[in-house]
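Accompanying notes for the structure given below.
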Amino acid sequence: MVCVRFAPSPTGNLHIGGIRTALFNFLYARNQKGRFILRIEDTDRERSTPEFENEILESLAWLGLESDGEIWRQSQRLDIYRKHAAELVEKGLAYDDKTGQGTAVRFRMPKQKAAFFDLIHDKVEFDTTLLDDLVILKSDGYPTYHWACVVDDHEMDITHVIRGDDHISNTPKQICLYEAMGWKPPKFAHLPLILGDDGTPLSKRHGAVALAAFRKQGFLKEALLNYLALLGWGVAGGNEEIFSMAQLIEKFSLKRVNKSGARFNLEKLEWLNSQYLKNISEEDYLRRIGDFYPDRCGLREATWKKLVLLYRNRIKTFSGLTEQASYCFQNQIQYDPAQQRAFLETVNMCDYLNAWLKESAELESFEDVGAIEQMTRLVCEKLGIEAKILIHPLRYALTGHSVSPGLFELMSVMGKETCLSRVQRFIL
RNA sequence: GGCGCUAUCGUCUAGCCUGAUCUAGGACGUCACCCUCUCAAGGUGAAAACACGGGUUUAAAUCCCGUUAGCGCUACCA
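Numbering (the numbering used here), first residue to last: 1 to 428.
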């Protein structure tokens, strides 16, 4: 049975590169009806923290990339690494290396030219005569990455090691370790790296690449997963790009993974997210944006519902709501004095606005969008002006901006009282 | 430096294995037009790529070699 693992080290924030690796492992496991396990590689005593480990667990849970069975921690398996290292020393394939730092165990690197077959890169050639003897147990008794990785992948019956391309040069060392132990190495698949928008490998200086940052911006997990799945992997034909998790699982194949690195493109992710926002059911949309804003930004439920539906086609992520609709949450609109003057000094504009105010006051409420529009257009007709002559200054009076969603929908969200008081204050 | 990996529109990619169907397809982004109270959304259309140089072949984006560039490894980090 296929068994794969995601093996992050809790020494930093889990970023989208790590998520992508986890996702590909997960997709492969589900596609093959195999197992996906999680192993925390916390052998760096200096840099590993429980906080980072927690972030990994929580992020994977949020995305639904949950492991099958127990979660392993290398720091709890030290005896196993030591036992196997001792075997190697006994067989003369490794030796104690005493230095000022203490005693480490080094593996005697065999000298050979060979190759391994990668599921993505095909044949990868190597020459271990160029390699130094490898430390497998550090002087603090902890295993090094290579040693813990090999021992665990063997002990846990991992059949396929699917990891980042940056490990491709490490693989020959690990293969030598398997051979020394007399173990059969797993199959390897080295995924192309995800790069920042400047084409260099993802790092802190690319800004918000931690998964937590995407959650905070209000991306849908489905969109994120869909986007990441398509970075470095494509479906034959390649014309469709919106896939559910079930479809991704069904279509996934390591054979179709690309060999070259892929730049992370935020604009495309945002586009994909907006597609999901439009395609999920209204009920689902309401529930999820509600989860994102538990306090509804202080609005009454009916108002909130109107507002978020009005912005549904306009926001790319949930956090876009407060950015775009700030005027719906403010008590008082700040106007640019020059802009305000320009509107008010337009011939007859004050009379027009007053005429509108007078008619508006007659409307019982601003609940009905159609009624507001009809009333406003009638006012314009009576004044003998085009509707937009009045619409533009009204928009500015209500929002302090020259762009917004449809004016009448917006008025309905804001309510009669707010609209009238804002326009009155604007005129003064 | 040594060794390894990679190379199709600005970006993600389809095509490459099994050479002719590729005057290289799709998507994001960009631009134009339509719709329209502005902006989005939506619709229509446009510009935009086989890194370079050699081979092999009747024929190369596709196979081979080299060059260039980028990245990785070369830690008692993972």
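Glycine included, every Cβ here is placed at the ideal spot set by N, Cα and C.
Item, Value
"Nearest-angstrom beta carbon gap, Ala148 and Gln74 [assumed within contact, 8 Å]", "5 Å"
"Ala397 beta carbon less than 8 Å from that of Phe426", "yes"
"Proximity of Met109 and Cys176 at Cβ, strictly below 8 Å", "yes"
"Chain-order list of residues whose beta-carbon lies under 7 Å from that of Ala355 (same chain, five-residue window excluded)", "Val379, Leu383"
"Cβ shell of Lys111 (< 8 Å), same chain only, five flanking positions each side left out", "Thr128, Thr129"
"Three or more C-beta pairs below 8 Å linking the region 363 to 381 and the region 389 to 406", "yes"
"CA nearest to the CA of Arg288, picked from Leu272, Lys305, Leu299, Arg300", "Lys305"
"Collapsed DSSP secondary structure at Glu267 in the structure displayed", "helix"
"CB-CB length for Glu53 against Ile40, believed under 8 Å", "6 Å"
"Rounded straight-line distance, which links the Cα of Glu125 to that of Ala229", "28 Å"
"Inter-residue Cα distance where the pair is Ser402 and Lys221", "33 Å"
"Inside the region 314 to 388 only - beta strand (DSSP E) runs reaching at least 3 residues", "none"
"Where the alpha helix (DSSP H) through Cys126 begins and ends", "As written in the sequence, residue 126 is Phe, which differs from the Cys given in the question. Here Phe126 belongs to no alpha helix (DSSP H); instead the beta strand (DSSP E) covers 122 to 127."
"Nearest neighbour of Leu248, chosen from Val4, Arg5, Asn25 [CA to CA]", "Asn25"
"Stretch pair the region 150 to 166 + the region 204 to 218: three plus CB contacts closer than 8 Å", "no"
"Euclidean distance between Cα positions of Thr11 and Ser203", "13 Å"
"Close-in-space but distant-in-sequence residues of the same chain around Glu359 (CB under 7 Å, 5 per side omitted)", "Met375, Val379"
"Beta-carbon proximity of Phe243 to Asn226, cut-off 8 Å", "yes"
"Neighbour-count burial assignment, Ala361, 16 or more Cβ in a 10 Å radius", "exposed"
"Beta-carbon proximity check, Asn273 vs Lys316, cutoff 8 Å", "yes"
"Secondary structure of Val151, DSSP reduced to three states", "helix"
"For Pro186, the nearest candidate out of Leu134, Ser260, Leu119 (CA to CA)", "Leu119"
"C-beta contact flag for Cys328 and Val413 at 8 Å", "yes"
"Pick from Asn279, Ile385, Glu417, Gly370 that is closest to Asn348, judged by C-alpha positions", "Ile385"
"Residue range of the unbroken alpha helix (DSSP H) whose run includes Tyr285", "282 to 292"
"Straight-line gap, Gln340 to Met411 (C-alpha atoms, nearest Å)", "19 Å"
"Opening and closing residue of the beta strand (DSSP E) in which Lys113 lies", "113 to 118"
"Cβ neighbour criterion (16 or more within 10 Å) applied to Gln32", "buried"
"Simplified DSSP assignment, three categories, for Trp183", "coil"
"Beta bridge counterpart(s) of Tyr178 as assigned by DSSP", "Tyr178 is not bridged to any residue."
"Assigned exposure category for Glu353 - 16 Cβ within 10 Å defines buried", "The amino acid occupying residue 353 in the given sequence is Leu; Glu does not appear at that position. Counting Cβ neighbours within 10 Å, Leu353 comes out buried, since at least 16 surround it."
"Alpha-carbon spacing of Gly218 relative to Phe292, whole angstroms", "7 Å"
"Expected contact under 8 Å - CB spacing of Tyr28 and Ile194 to nearest Å", "Wrong, their Cβ atoms sit about 17 Å apart, outside the cutoff."
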